[in-house]
Amino acid sequence: MRLGERALQLKESPSPDVFTDQEIRAILKEIEAINEEIETAKSRVSELSKLED
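Numbering-wise, the sequence shown is residues -12 to 40 according to the numbering used here.
Okay, here's the thing in structure tokens:
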């Protein structure tokens, strides 16, 4: 389940909900993956900038 889906699920929940350890680990893994994608994109932009020079 994507992070946004889980957040929406929590928002719609009638009672307060808590993230389990497993869910927290999954969210952290997803954040790490997003950070890796950001770093990859930064590298690509940097490479493209060098090509334009």
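Note that the Cβ used here is the ideal one computed from N, Cα and C, for glycine as well. If you're wondering where the values come from, they're calculated on a predicted model, not measured in any experiment.
In the same chain as V32, and ignoring 5 residues on each side of it, no C-beta atom comes closer than 6 Å to its own. For V32, the enclosing alpha helix (DSSP H) starts and ends at D8 to E39. Rounded to the nearest angstrom, the gap between the Cα atoms of K29 and E(-8) is 27 Å.
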